[in-house]
Amino acid sequence: MKIIELISLKKQFGELVAVNNIDMSVEKGEIRGLIGPNGSGKTTLFNLVTGFIKPTEGKVFLEGQDISGFSTDLIAKKGLVRTFQHTVLFKEMTVLKNMLIASHLHTGMGLFEQFLQTPKNLGKEKEVEKRSLAKLEIVELAEKKDELAGALPHGSQKALGIAIALAAEPKLLLLDEPVAGMNPSETNKIMKSIKKLRKDGITILLVEHDMKAVMSTCDRITVMSFGEKIAEGKPEEISRNEDVIEAYLGKGLRV
């Protein structure tokens, strides 16, 4: 079953065609990689899918519903959530507090309601904390819940960014370079967490330049170059595709 489908998607900025006639679909439960050189249109495609910019032509369907003209907030409420390459955190607050704030934003529980110590609100707060800790467990940060977010190493801050996105209870999670700048140990932890998300019923679409991580984790990979889709297939197919090797991966790569 297709969770998202892009049909003839195009985005033009003046004379520049950033995304040109892209057709792509992702199956529910899939981990899909989106790769390509810098400037190939990957970020623009993410922005189109999540409503940050509107397409010049074409459509985006989420579970069969046309969301092409929807706002970012409405798209998120429909279950499509993204992370960003640079994680934004409340660095002077604890890991858990960051999660609670994110959870309250998505549940609609305001600050005033949080401070009202009624039995009903206390019950809600305990449930929110329970869910937040479960999300932190997925990214292996539950034991660091009382540490300041700003004191975490780079890899853990990126992991917290993923956990914060999970607070929105996404059906489809778009990850923008989730392991950028990480050492191999941190990378392995994040990719392990991404595989856990699939088991929890979350579909993943990720942009990433770490080819080892992409090839070892993704079910299928879509490749872009100069705004166009040039290849799509299983990792072993992509690694042997001459167009991909020429455009992006380098002549020496064989997986």
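Numbers given in our numbering equal positions in the sequence shown, counted from 1, plus 932.
Even for Gly, the Cβ is constructed at its ideal location relative to N, Cα and C.
- If you draw a 10 Å sphere on the C-beta of residue 997, you find fewer than 16 other C-beta atoms in it, and that means exposed.
- When secondary structure is reduced to three states using DSSP, residue 1023 falls in the coil class, being assigned neither helix nor strand.
- Using a Cβ distance threshold of 7 Å, residue 965 and residue 1138 count as a contacting pair.
- When C-alpha distances from residue 973 are compared across 944, 960 and 958, the shortest belongs to 944.
- Around the C-beta of residue 1093, 16 or more other C-beta atoms lie within 10 Å, and the residue is accordingly described as buried.
- Here residue 1032 has 1060, 1061 and 1064 as same chain residues with Cβ atoms under 7 Å from its own Cβ, once five neighbours each way along the sequence are excluded.
- With contact defined as three or more Cβ pairs closer than 8 Å, the stretch 1064-1079 and the stretch 1008-1021 are not in contact.
- Residue 1089 sits in a helix when the DSSP states are folded into three classes.
- In the structure shown, residue 1120 adopts helical secondary structure according to DSSP, grouped into three states.
- As a beta-bridge residue in DSSP terms, residue 1137 pairs with 964 and 1106.
- The beta carbon of residue 999 sits closer than 6 Å to those of 992 and 1007, all from its chain and outside the five residues before and after it, given in chain order.
- For residue 991, the beta-bridge partners assigned by DSSP are 939.
- Distances from the alpha-carbon of residue 1132 to those of 940, 946 and 962 put 962 closest.
- Linking residue 980 to residue 1074 through their CA atoms gives a straight-line distance of about 33 Å.
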